[in-house]
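As structure tokens, the structure follows; a few thoughts come after it.
In the numbering used here, the protein residues as written are -10 to 354.
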């Protein structure tokens, strides 16, 4: 089925051999960690601080790793390219919606009775439908459309008769969605941008392409490419005179972040971990990825203000706390996601005899 952060039914099978593909779990883990890590720059003064120190240079590199949603979209295409229209497929999406509803209600309860942050039951329930109760739920809104379209996107992709035409499809989508982000800036309009919002289709088809042709690249070259892109923003800002950081690298669908996500996907999607413990760790994170993502918004709103009030001196000094705050949020979110799995497992045992045709979550597999 189609996959936002935690929907792992297809991940649990090797595309060819029937065993779980650890590489896909690694990609999902990187995506999940990237989402949480990128929020560090939303809750700090990075964008308002002078870019004038080695610490800020390194933060500039870290701020470019906003590839989580791109990786999830490619995983969606990779895992779903053979899915077909039907009740079984669409029922599989209930798992995602159930998680979204659970964490939306949890966000409302915590906001109303614990945090007293202005949340009300009316505002929260209406926010479930507008995807605003959970601040990061834009991905779920996007996913619903991608999920509904997936069987038809597969027909489109498979109807292309040659590998060359599939490459052209991806290239045209890249030109339509990435170039506007780069060329239409600073009061300039140099490229048509009406279609730039369809970048999820580009990443979906890239996932399909990788699934079908299994392209291989030297990982050392991919690592150099990744490093080069991460250096673009900091090097540019070092070279120009500007009081604060200029995000020349652009957004998640731009000419830098898109290729960065693609290279990371290609580097890890077929990676196999020899250690059993390593595989189990990646699998455990993968199975909880959506839940970690959905509950991280509440944790961000709670933990970042605490750290700012207790340890913040300046943004350069704050770099070391990146390696404390991000893992702390990740670990707590993992624990909450694990508790949710226990609750949903109990619910699945109750509804299983009813033969409704769906379950509330994926098994560990």
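Ideal placement from N, C-alpha and C gives every residue a C-beta, glycine not left out.
Predicted model, so just to flag it, every value in this text is computed and none were measured.
Pick out whichever of 39, 154 and 129 has its Cα sitting closest to the Cα of residue 231.
Of 39, 154 and 129, the residue nearest in Cα terms is 39.
Count the C-beta pairs between the region 28 to 42 and the region 100 to 110 that are closer than 8 Å, then say yes if the count reaches three, no if not.
No: fewer than three Cβ pairs fall under 8 Å.
Hey, would you say residue 122 sits closer than 9 Å to residue 113, going by beta carbons?
Yes; because the gap between Cβ atoms is below 9 Å, this pair is in contact.
Less than 8 Å between the CB atoms is what I'm expecting for residue 284 and residue 211, so what's the real figure, rounded?
For a cut-off of 8 Å, the C-beta gap from residue 284 to residue 211 is around 32 Å, too long to register as a contact.
Separation of residue 78 from residue 141, as counted between CA atoms
When rounded, the distance between both Cα atoms is 12 Å.
Tell me which same chain residues have a C-beta within less than 7 Å of the C-beta of residue 86, skipping the five on either side of it?
In the same chain as residue 86, and ignoring 5 residues on each side of it, no C-beta atom comes closer than 7 Å to its own.
Pick out whichever of 51, 84 and 90 has its Cα sitting closest to the Cα of residue 126.
When only C-alpha atoms are compared, the closest one is 90.
Measuring only the C-alpha atoms, how far is residue 261 from residue 238?
Each residue's alpha carbon lies about 31 Å from the other.
Would you call the CB atoms of residue 184 and residue 172 closer than 9 Å?
No, the Cβ-Cβ distance between residue 184 and residue 172 is not below 9 Å.
Is the distance from the Cβ of residue 222 to the Cβ of residue 53 below 9 Å?
In this structure, residue 53 lies closer than 9 Å to residue 222 by Cβ.
Rounded C-alpha distance that separates residue 41 from residue 307
In this structure, the CA atom of residue 41 is about 14 Å from the CA atom of residue 307.
As assigned by DSSP and simplified to three states, the class of residue 16:
In the structure shown, residue 16 sits in a helix (DSSP, three-state: H, G or I).
Are the Cβ atoms of residue 281 and residue 195 separated by less than 9 Å?
Going by C-beta atoms, residue 281 is not nearer than 9 Å to residue 195.
For residue 88 versus residue 279, is the C-beta spacing smaller than 9 Å?
Yes, Cβ-Cβ distance for residue 88 and residue 279 is below 9 Å.
Would you mind working out which of 335, 61 and 352 sits nearest residue 190, comparing C-alpha positions?
Out of 335, 61 and 352, 61 has the C-alpha closest to the C-alpha of residue 190.
Helix, strand or coil: how does DSSP classify residue 119 here?
Looking at residue 119 - three-state DSSP - the assignment turns out to be helix.
Report buried or exposed for residue 330, applying the criterion of at least 16 other Cβ atoms within 10 angstroms of its Cβ.
Residue environment: residue 330 is assigned as buried (16 or more neighbouring CB atoms within 10 Å of its CB, all protein chains considered).
For the alpha helix (DSSP H) containing residue 182, list its first residue and its last residue.
No alpha helix (DSSP H) holds residue 182; DSSP gives it neither H nor E.
Classify residue 74: buried if its beta carbon has 16 or more other beta carbons within 10 angstroms, exposed otherwise.
It is exposed - the Cβ of residue 74 has fewer than 16 other Cβ atoms within 10 Å.
Can we say the region 310 to 320 touches the region 20 to 30, given the rule of at least three CB pairs closer than 8 Å?
Counting Cβ pairs under 8 Å, three or more are found: they touch.
Rounded to a whole number of angstroms, what is the C-alpha to C-alpha distance between residue 9 and residue 37?
Their backbone Cα atoms lie some 45 Å apart in a straight line.
With distances taken Cα to Cα, identify the nearest neighbour of residue 152 among 136, 200 and 180.
Check the Cα spacing between residue 152 and each of 136, 200 and 180: the tightest is with 200.
For residue 352 and residue 341, what's the separation of their Cα atoms in angstroms?
Straight across, the Cα-Cα distance linking residue 352 with residue 341 is about 13 Å.
For residue 111, does the count of other Cβ atoms within 10 angstroms reach 16, so buried, or fall short, so exposed?
Classification of residue 111: exposed, given that the 10 Å Cβ count is below 16.
Rank 289, 136, 298 and 72 by C-alpha distance to the C-alpha of residue 96 and give the top, closest one.
Selected option, being the one with the closest Cα: 289.
Enumerate in chain order the residues of its own chain whose CB-to-CB distance from residue 287 is below 7 Å, with the five nearest sequence positions on each side excluded.
Cβ within range, chain order: 96 and 99.
Identify whether residue 208 lies in helix, strand or coil by the three-state DSSP scheme.
It is helical.
Figure out for me which residue from 158, 269, 163 and 236 has the closest Cα to the Cα of residue 174.
Measuring from the Cα of residue 174, the nearest candidate turns out to be 236.
Could you pull out every residue in the same chain whose Cβ sits closer than 7 Å to the Cβ of residue 337, ignoring the five residues on either side in sequence?
Once the five neighbours on either side are set aside, the close Cβ partners of residue 337 are 348, 349 and 350.
If you draw a straight line from the alpha carbon of residue 277 to that of residue 22, how long is it in whole angstroms?
Computed Cα separation, rounded: 12 Å.
Under the assumption that residue 219 contacts residue 187 (Cβ atoms under 8 Å), give the Cβ distance between them as a whole number of angstroms.
No, residue 219 and residue 187 are not in contact; Cβ-Cβ is about 26 Å, not under 8 Å.
Along the chain, where does the alpha helix (DSSP H) containing residue 330 start, and where does it finish?
304 to 340 is the extent of the alpha helix (DSSP H) around residue 330.
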